[in-house]
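Read the structure below first, then the notes.
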Amino acid sequence: MAGIGAGLTSTLAGLASLVSYPALLAIGVPPVIANVTNTAALVFTGVGSAVSSLPELRGRGKFLWRLILLVSLGSIFGSALLLIAPAATFEKVVPFFIIAAGLLLLFSGRLPTQEHRPGEPARTLTFGQEAAQNIVIFVTGAYAGYFGAATGVVMLATLTLTVDQPFIVSNSMKNLTGFAANAIATVIYAFTTKIEWLMVIPLGIGLFIGGYIGPIIARRLPVQLLRFIIAALAFLLAAKLFAQAYL
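Position one of the sequence shown corresponds to residue 1 (full-length UniProt numbering), numbered consecutively onward.
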């Protein structure tokens with residue numbers, strides 16, 4: 001049940017760790033091992049959501065490949081950094097990072113956007129805009145590999161601010177990039193640290209189910225309501241992480 005809840009939370013809000021990570025801690029898994037085990041299980045969410053999100057992703061292959069490449073490279077960098085400098089060194093900054101992402105997501109909903117039908121080209125970016133977009137996406141991938149909390153919110157805020165596409169499409173892209181980042185990080189962790197694979201399997205099954213159902217629900221929710229829900233959950237997670245880091 002924790003897996004299904006986390007899968008739904010991941011695909012709808014990009015906050016699977018709000019459910020799955022505490023579930024692993026609750027059964028006695030040490031924090032670092034829980035972090036990498038959670039990352040491995042989240043790969044299943046990406047598979048389920050990718051299959052369910054095919055209608056939104058069709059016709060956007062060129063940008064998706066660039067997106068996946070940048071996120072994957074960033075995830076490799078972040079995962080390697082985690083092995084050198086444990087995430088505890090970063091935990092006092094993370095709550096503010098998540099709050100900023102939630103605010104960006106709410107703010108992006110106030111910007112005028114032109115929605116495109118699937119297959120239509122998005123607004124052409126200048127060289128500088130595309131370079132800035134690439135850097136932000138790479139950094140988000142690095143964050144995913146390093147810490148991971150609320151990565152989906154950060155990526156969704158990035159995409160809604162920099163990609164001229166409907167919100168539901170950005171949400172589907174976010175799910176796909178989450179899969180790429182988690183898959184790369186899992187491969188690295190498999191060879192460098194301990195993953196509780198026996199816990200990955202049951203959690204992953206639930207995550208796959210939740211990941212598949214999530215995009216179906218997202219299509220039926222008003223966009224502004226979905227933005228508000230995601231931001232509210234991001235603020236909730238930020239408050240929780242703030243309490244852990246400072247209280």
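For glycine and all other residues, C-beta sits at the position ideal for the given N, C-alpha and C.
From a predicted model like this one, the values you see are computed outputs, not experimental measurements.
The DSSP-derived three-state label of Gly178 is helix.
Between Leu221 and Phe228, the alpha-carbon positions lie close to 11 Å from each other.
Taking 4 residues as the shortest admissible run, the segment 9-75 contains the following complete alpha helix (DSSP H) segments, listed from N- to C-terminal end: 20-26, 31-52, 54-57. Apart from sequence neighbours up to five positions away, the residues of its chain that approach Ala41 with a beta-carbon distance below 6 Å are Val200, Leu203, Gly204, Leu207, ordered along the chain. In this structure, Leu105 sits near Leu156, with a CB-CB distance shorter than 8 Å. Under the three-pair Cβ rule at 8 Å, the segment 68-78 counts as touching the segment 137-148.
In summary, Gly61 is exposed, with fewer than 16 beta-carbon neighbours lying within 10 Å of its beta-carbon over all protein chains present. The distance from the Cβ of Ala239 to that of Ala150 is about 12 Å, inconsistent with a contact at the 8 Å cut-off. Rounded to the nearest whole angstrom, the C-alpha separation of Phe107 and Thr162 is 13 Å. Per DSSP, Pro215 is one residue of the alpha helix (DSSP H) stretching across 197-220.
CA-to-CA, the gap between Gln224 and Ala245 works out to about 31 Å.
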